[in-house]
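Peer 1: Sending over a structure as structure tokens; questions will come in a sec.
This is the structure we're talking about:
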């Protein structure tokens, strides 16, 4: 692999550069979801059940499981009357109804930005629109959003599919997107949809969340200088996978890794500059470990490329505010 010219190395300089994209790692919605589970574990009588992975990161899920959280795929695995946390990706109304039937004490970990997309889906469908939903089939967030108005919603997974769309009224069309998509691919989708349906109604604000957008823009700050990009994140993390795809589309090799143990020495052959970032569900600790591991392959300098500084914060559900170490235990089923 021929190294890209950085203007900072001499021919006999064997020191690598590690460029850290910033922002990276946890976003406000992920931090909130993890804290919800941790406070529930301290405040309620165990077991505490969590539907699906609270966020898409194997390290986070394993850590919470070691503290007592019980992760389940569906509600039939949860005893009636138990305490249940919904994941950050949200759920459909059908899942909420099932939780009510089972008398579950629900604590909602849905990211507030995902909840806003759900509200838009209900509003667009209520006024008679066909809602074109852009996202990945099978992703939990898409299942939840689609479930808000399944009779009025059409799922599209690529801009190329827009040409084959057929709707009852071409003048009554609106669109929504998954919050963790690549900005450039979403722009392609929107452009194709506007061309097919000139009167399409758009969300008042874009659905791709600030954290996804910021991490993509931050990565763009280091791609051009990098010979290789390492993205810390799990394979089922949509926003992490998008980061890998963005780098590769711009011609820079990229690898998705769960942690430092996944780094392969062969990747580093001929590599002088390594860009490092992490998806919004990956803990900062894992990035630190990756940097240390890279230093183990030879001398390296570390520099940060900051695109913006994030200050977003989301409040916890009211039932958990003030809950923490030393909080009195409450039996499951009371007031979630």
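In our numbering, the protein residues as written are 58 to 393.
Glycine is no exception: its CB is placed at the ideal position from the N, C-alpha and C atoms.
1. Would you grab the beta carbon distance between residue 87 and residue 144 for me? Rounded to a whole angstrom, and I think it's under 8 Å.
2. So, with DSSP's three-state summary, where would you put residue 332?
3. How is residue 345 classed by DSSP in three states: helix, strand or coil?
4. Residue 226 to residue 210, Cα distance in whole Å?
5. Buried or exposed for residue 160, going by 16 or more other Cβ atoms inside 10 Å?
6. List the endpoints of the continuous alpha helix (DSSP H) containing residue 232.
7. Would DSSP call residue 165 helix, strand or coil?
8. Using a Cβ-Cβ cutoff of less than 7 Å, which residues in the same chain neighbour residue 293 once the five nearest sequence positions on both sides are dropped?
9. Give the DSSP-derived three-state secondary structure of residue 254 in the structure shown.
10. With respect to the beta strand (DSSP E) encompassing residue 477, which residues constitute its N-terminal and C-terminal limits?
11. What are the boundary residues of the beta strand (DSSP E) that includes residue 285?
12. Between residue 358 and residue 308, what straight-line distance do the alpha-carbon atoms span, to the nearest angstrom?
13. Alpha carbon to alpha carbon, what distance is there between residue 128 and residue 367?
14. With H, G and I counted as helix, E and B as strand and the rest as coil, what does DSSP make of residue 397?
15. Considering only the alpha carbon of each residue, which of 162, 263, 376 lies closest to residue 139?
16. Looking only at its own chain, which residues have a Cβ that is under 8 Å from the Cβ of residue 131, when we skip the five neighbours before and after it?
17. Determine the DSSP secondary structure at residue 75, reduced to helix, strand or coil.
18. Starting from the Cα of residue 56, find the closest Cα among 282, 82, 274, 97 and give me that residue.
19. Give me the Cα-Cα distance between residue 245 and residue 83, rounded to the nearest whole angstrom.
20. Quick check on this structure: which residue in 335, 249, 232 has the alpha carbon closest to the alpha carbon of residue 270?
21. Residue 311 by DSSP, collapsed to three states: which one?
22. Count the C-beta pairs between the segment 212-225 and the segment 264-283 that are closer than 8 Å, then say yes if the count reaches three, no if not.
23. CA-CA distance, residue 85 and residue 152?
24. What number of angstroms, rounded off, separates the C-alpha of residue 285 from the C-alpha of residue 239?
Peer 2: For this structure:
1. By one-based count along the chain shown, residue 87 stands at place 30. By one-based count along the chain shown, residue 144 stands at place 87. Contact flag wrong, Cβ pair sits at about 11 Å.
2. Counted from its first residue, the chain shown places residue 332 at position 275. Residue 332: strand per DSSP, three-state reduction.
3. On the chain shown, position 288 is the one that residue 345 refers to. If DSSP states are grouped into helix, strand and coil, residue 345 belongs with the helices.
4. In the chain shown, counting from the first residue as 1, residue 226 sits at position 169. In the chain shown, counting from the first residue as 1, residue 210 sits at position 153. Distance between the alpha carbons of residue 226 and residue 210: 13 Å.
5. The residue you call residue 160 lines up with position 103 of the chain shown. So residue 160 counts as exposed.
6. For the purposes of this step, residue 232 is taken as residue 175 along the chain shown, with counting starting at 1. No alpha helix (DSSP H) holds residue 232; the beta strand (DSSP E) holding it covers 230-234.
7. Residue numbering aside, residue 165 sits at position 108 when the chain shown is read from its first letter. Reduced to three states, the DSSP call for residue 165 is strand.
8. Position 236 of the chain shown, counted from the start, is the residue given in the question as residue 293. Closer than 7 Å at the Cβ level, and outside the excluded window around residue 293, lie 113.
9. On the chain shown, position 197 is the one that residue 254 refers to. Looking at residue 254 - three-state DSSP - the assignment turns out to be coil, as it is neither helix nor strand.
10. The question about residue 477 has no answer, for the chain in this structure spans 58 to 393.
11. Taking the chain shown and counting its residues from 1, the one referred to as residue 285 is at position 228. Run containing residue 285: 285-289, per the beta strand (DSSP E) assignment.
12. For this step, residue 358 is matched to residue 301 along the chain shown. For this step, residue 308 is matched to residue 251 along the chain shown. Roughly 24 Å between the two C-alpha positions.
13. To locate residue 367, count along the chain shown from 1; it is residue 310. To locate residue 128, count along the chain shown from 1; it is residue 71. Looking at the two C-alpha atoms, the distance is approximately 30 Å.
14. This structure does not reach residue 397, given that the chain is present from 58 up to 393, and the question cannot be answered.
15. Along the chain shown, read from residue 1 onward, the residue named residue 139 stands at position 82. When only C-alpha atoms are compared, the closest one is 162.
16. The sequence position of residue 131 within the chain shown is 74, counting from 1. Within the same chain, residue 131 has close Cβ partners 108.
17. Translated into the one-based positions of the chain shown, residue 75 becomes position 18. It is a strand residue.
18. The requested residue 56 is not part of the displayed model; the chain covers only 58 to 393.
19. Position 188 of the chain shown, counted from the start, is the residue given in the question as residue 245. Position 26 of the chain shown, counted from the start, is the residue given in the question as residue 83. Approximately 27 Å between the Cα atoms of the pair.
20. Residue mapping note: residue 270 aligns to position 213 of the chain shown, counting from 1. Nearest C-alpha to residue 270: 335.
21. Against the chain shown, residue 311 aligns to sequence position 254. Strand, per DSSP.
22. no
23. Against the chain shown, residue 85 aligns to sequence position 28. Against the chain shown, residue 152 aligns to sequence position 95. Their Cα atoms are separated by approximately 24 Å.
24. Here residue 285 refers to the residue found at position 228 when the chain shown is read from its first residue. Here residue 239 refers to the residue found at position 182 when the chain shown is read from its first residue. Answer to the nearest angstrom: the Cα atoms are 19 Å apart.
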